[in-house]
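A.B. asks: One structure coming up, written as structure tokens, with questions to follow.
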Amino acid sequence: MPSPDSGTDAEATSFDRLPKLSLRGLALTLLALRTIDDGVPDAAALGVLHDHRRHHPFASRAEAVNACLPDAAPEDAALLALGSALDLSLLELISVALAVAVEEIAEVGRAMAHLQAPFGGSRPTLGLLVAAFGDLAPQGRGPVELLSAGVAAQSGLLVPVGEQLPLPERSISVPLPLCLALRGQACTFPGVSVDVDAAARVPLPPSILRVAHRHADALASSSQRALVLRTGSPAEGRAVAAAIARAQGRTAAFIETDRIAGLTPWLLLRNLLPVFTFDLGPGERRTLPMLAFYPGPALAVTGPDGAIATASGTAMSWSLPVPSADERRTLWELALGDADLADRLARDHRHGSGRIAHLGRLAHHRCAVEGRDRPSGDDVTAASWMGEGAGLDGLAHPLQATIPDEALVVTTSLRADLELLLERCRARDRLAEGLGPSSTARYTPGVRALFVGPSGTGKTLAAGWLATRLGLPLFRVDLASVTSKYIGETEKNLAQLLARAEHAEVVLLFDEADSIFGKRTDVKEANDRFANSQTNYLLQRIETFEGITLLTSNSQGRFDSAFTRRLDVVLDFPSPGPEERRALWQSHLGTGHSVSARQLDQLAALADVEGGQIRNAVLAAAVFAQSARRPIEQLDVLRGLASEYKKLGRQPPHQLKYER
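Right, here's the structure in full:
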């Protein structure tokens, strides 16, 4: 407990015979002793001081101080605890108490204005505080220096106002959040949220909770005072931070601002653990802000990219893992209430805790809108198209069409290869189980496949079929949005894209992927160096990506050999032969046509076109038929086919020419 200067004229008065004073009461009593007894004219504005003088008839300043110390008044418990944590002097404590009184009691403000007229306002000035309480400063410390640049001022507990004024005329105040916190009120701080429900919204599996508790113990007992939580799910990161705070007997405060003046006293008063939130791109580096005089640990929540350091060096980092299949089953059952559905989802999907909780809420909402009691697998699939927070919109376009087996017309060998790729995607979570150390040492559950073939051979359609069979959303990357002429922006955009896709577990489709995954070139100018750095980043990041990536190109030879080595599967999509072309014509025409089997055979045998051109020809034929209000006829098909040959710069076979 701070004590007055030993030079104060102490009176031999028994503490138990003195009325107990709070720090606020002590401040007002000392002001009364300093002003009223020194002949300041009586005024209505000083009524609050007269009241304290009458109710606390101390003979001297030392007697008043002894009535306040050493035992604390109950209303001072929070301020004295804060003073102990920050090692505040009695002068700083009593100044804070008076500044808070001005904010809470209008009569105190009027008394300050009267005493400081004509220069001061309602808030106490440094000149008044020094005159009234300056003798309470510790030996060797000047009261002006202590109040203007001491711990209370540096931590933001006391805020000097009026830099253009001389020091004695500068007033001091206590920020409103700190005034409320000193009274035990659950107040907010600008740019900071206290999310008491963060852990409840995202149930965490036992494996993550165990590690969280170990980190909490380590942060409390070691010299390492910072921990970075890396995750693609902000909600999951907040839940883990809340679990660490709870293990330390605190509540997490999520900081999303750089304006942290006064934050340390607020954190200490409310027993909060600071958690900084960042969104970093590759190569970005941030230093955790220094909280002046904050004695405890701090956390940071961010994505997988970038680096976060402290004043003493790089911070300890923990990348939140995907729960095991058994833990995912429990989380899905908790989110959906259906054990069978939970078992299937846990087996087929690698969702994290945050994503499972998010999808569960969306699925419940969808089934409630449709008047059903329990979510189904279709509800979860529909919910999976919705991003958590900032989604993939702007960087990729959703391809929501469902592609059934009948719509995918490919050769028998290619279908077998696609089925094998499908099984590889389904088994990726447990594929390395039981294998040797050379297989498991660098294994990641990501799958990277390249579809090679001429335009129109069904590469994008096959990607949609694969996503449909997996029950995952398919997003086609918007290369125009991802690539940028500014140095480092392309890598940052790709980092955000891959992190979000990894978290949401979607299938990413890079059409014409050789435009960004192509061969590195000889460095002849600065642009070549930057282009190569983008390719190098992609080569490294795609290898650690834990999702499913599909790339399409017209030629495998356009890719860097180092990239081809990182691919799991390369599938060749050849131009369709007569048998595949007939199946394509049949599949596209459906049943609403009058084209005979013989005419279909003729189209398949003579029209050497790809599946994409067949689709366009059939759609054009449908326009002609609908205009005439009749089913599609052979002439409609020939007319549409002639248009496709014209786009190719070729003449159709003589037998298939359209005659007007």
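Numbering (our numbering), first residue to last: 502 to 1161.
Where a beta carbon is used, it is the ideal one built from N, C-alpha and C, also for glycine.
None of these values were measured; they are calculated from a predicted model.
1) Would you call the CB atoms of residue 645 and residue 668 closer than 8 Å?
2) The beta strand (DSSP E) with residue 778 in it runs from where to where?
3) What runs of the alpha helix (DSSP H), each 4 residues or longer, lie entirely inside the region 935–1009?
4) I'd like to know whether the C-beta atoms of residue 983 and residue 1056 end up nearer to each other than 8 Å.
5) Could you tell me the distance, in whole angstroms, from the CA atom of residue 771 to the CA atom of residue 655?
6) Where residue 622 and residue 794 are concerned, what is the direct C-alpha to C-alpha distance, given to the nearest angstrom?
7) Could you give the residue range of the alpha helix (DSSP H) that holds residue 813?
8) When the Cα atoms are used, what is the spatial distance from residue 977 to residue 964?
9) On the CB-based measure, 16 or more other CB atoms within 10 Å of its CB, does residue 924 come out buried or exposed?
10) Count the other C-beta atoms from every protein chain shown that fall within 10 angstroms of the C-beta of residue 718, then say buried if there are 16 or more, exposed otherwise.
11) Residue 701: beta carbon under 7 Å from a heavy atom of the ligand FMN?
12) The beta strand (DSSP E) with residue 553 in it runs from where to where?
13) Going by C-alpha to C-alpha distance, which of 955, 600, 974 and 869 sits closest to residue 901?
14) Relative to the alpha-carbon of residue 589, which residue among 603, 651, 532 and 886 has its alpha-carbon at the smallest distance?
15) Using only CA atoms, which one of 858, 755, 877 and 690 lies nearest to residue 703?
16) At what residues does the alpha helix (DSSP H) containing residue 1050 begin and finish?
17) Decide if residue 672 is buried, meaning its Cβ has at least 16 other Cβ atoms within 10 Å, or exposed.
18) Excluding the five sequence neighbours on either side, which residues of its own chain have a C-beta within less than 6 Å of the C-beta of residue 829, listed in chain order?
19) Where does residue 1028 land, buried or exposed, given buried means 16+ other C-beta within 10 angstroms?
20) Whole alpha helix (DSSP H) runs in the region 663–706 with 4 or more residues, listed along the chain?
21) Which residue comes first and which comes last in the alpha helix (DSSP H) that contains residue 1125?
22) So, are the CB atoms of residue 1000 and residue 750 less than 8 Å apart?
23) Going by CA-CA distance only, name the one from 995, 912 and 938 that's closest to residue 960.
24) Inspect the beta-carbon positions of residue 844 and residue 896 and report whether they are closer than 8 Å.
25) Give me the residue from 1015, 1038, 972 and 1047 with the minimum Cα distance to residue 1004.
26) I need the DSSP call for residue 786, collapsed to helix, strand or coil.
27) Report back the beta-carbon spacing between residue 884 and residue 863 to the nearest angstrom; my notes put them in contact at under 8 Å.
28) According to DSSP, simplified to helix, strand and coil, what is residue 883?
29) If you draw a straight line from the alpha carbon of residue 516 to that of residue 689, how long is it in whole angstroms?
30) Let me know the secondary structure DSSP gives residue 654 once reduced to three states.
31) Assuming residue 1083 contacts residue 1108 under a Cβ cut-off of 8 Å, what Cβ separation, rounded to an integer in Å, is found between them?
32) Could you check the C-alpha separation between residue 872 and residue 866 for me, to the nearest Å?
33) Near residue 1174, which residues of its chain fall below 6 Å by C-beta distance, leaving aside the five closest residues on each side in sequence?
34) Classify residue 754 as buried or exposed, calling it buried when 16 or more other Cβ atoms lie within 10 Å of its own Cβ.
35) With distances taken between CB atoms, is the gap from residue 931 to residue 948 smaller than 8 Å?
36) Quick check on the burial criterion: 16 or more other C-beta atoms within 10 angstroms. Buried or exposed for residue 917?
C.D. replies: Taking the definition as stated:
1) Yes, Cβ-Cβ distance for residue 645 and residue 668 is below 8 Å.
2) Where residue 778 is concerned, the enclosing beta strand (DSSP E) starts and stops at 773–778.
3) Taken in chain order, the whole alpha helix (DSSP H) runs of length 4 or more contained in the region 935–1009 are 938–941, 960–971, 980–983 and 990–1005.
4) Taking 8 Å as the cut-off, the Cβ atoms of residue 983 and residue 1056 do not count as close.
5) In this model, residue 771 and residue 655 are separated by some 19 Å (Cα to Cα).
6) One alpha carbon belongs to residue 622, the other to residue 794, and they sit about 30 Å apart.
7) Note, residue 813: premise wrong, no alpha helix (DSSP H); not H, not E.
8) Taking the straight line joining both Cα atoms gives about 10 Å.
9) Here residue 924 is exposed. Its C-beta has fewer than 16 other C-beta atoms within 10 Å.
10) Residue 718 is exposed by the Cβ-count criterion.
11) The ligand FMN is not part of the structure shown, which contains no ligands of any sort.
12) No beta strand (DSSP E) contains residue 553, which is instead part of the alpha helix (DSSP H) from 548–556.
13) If we check each option's Cα against that of residue 901, 974 comes out closest.
14) Nearest C-alpha to residue 589: 651.
15) Among 858, 755, 877 and 690, the Cα nearest to that of residue 703 is on 858.
16) Residue 1050 -> not in any alpha helix (DSSP H); beta strand (DSSP E) instead, spanning 1049–1054.
17) With 16 or more other Cβ atoms from the protein chains shown falling within 10 Å of its own Cβ, residue 672 counts as buried.
18) Hits under 6 Å: 847.
19) Low per-residue confidence applies at residue 1028: pLDDT is 48, beneath 50, and the placement is therefore not dependable, though the value from the model is reported in the following sentence. Exposed, because fewer than 16 other Cβ atoms sit within 10 Å of the Cβ of residue 1028.
20) List check, alpha helix (DSSP H) in window: 677–683 and 699–702.
21) According to the DSSP assignment, residue 1125 belongs to the alpha helix (DSSP H) that extends over 1112–1128.
22) For the 8 Å CB-CB criterion, residue 1000 and residue 750 do not form a contact.
23) Residue 960 has its Cα closest to that of 912, out of 995, 912 and 938.
24) The answer is no: Cβ separation not under 8 Å.
25) Residue 1047 is the option with its Cα nearest to residue 1004.
26) Under the three-state reduction of DSSP output, residue 786 falls in the strand class.
27) That belief holds up - the Cβ atoms of residue 884 and residue 863 are roughly 4 Å apart, short of 8 Å.
28) DSSP places residue 883 in the helix class (H, G or I) of the three-state scheme.
29) Confidence at residue 516 is low in this model, with a pLDDT of 35, below 50, so the placement of that residue should be treated as unreliable; the coordinate-derived value is given next. So the two alpha carbons sit approximately 39 Å from each other.
30) DSSP places residue 654 in helix when its eight states are reduced to three.
31) About 10 Å; that fails the 8 Å criterion.
32) If I take the Cα positions, the gap works out to 10 Å.
33) With the chain covering only 502 through 1161, there is no way to say anything about residue 1174.
34) Buried, by the Cβ-count rule.
35) Taking a C-beta distance under 8 Å as the contact criterion, residue 931 and residue 948 do not qualify as a contact pair.
36) Residue 917 is exposed by the Cβ-count criterion.
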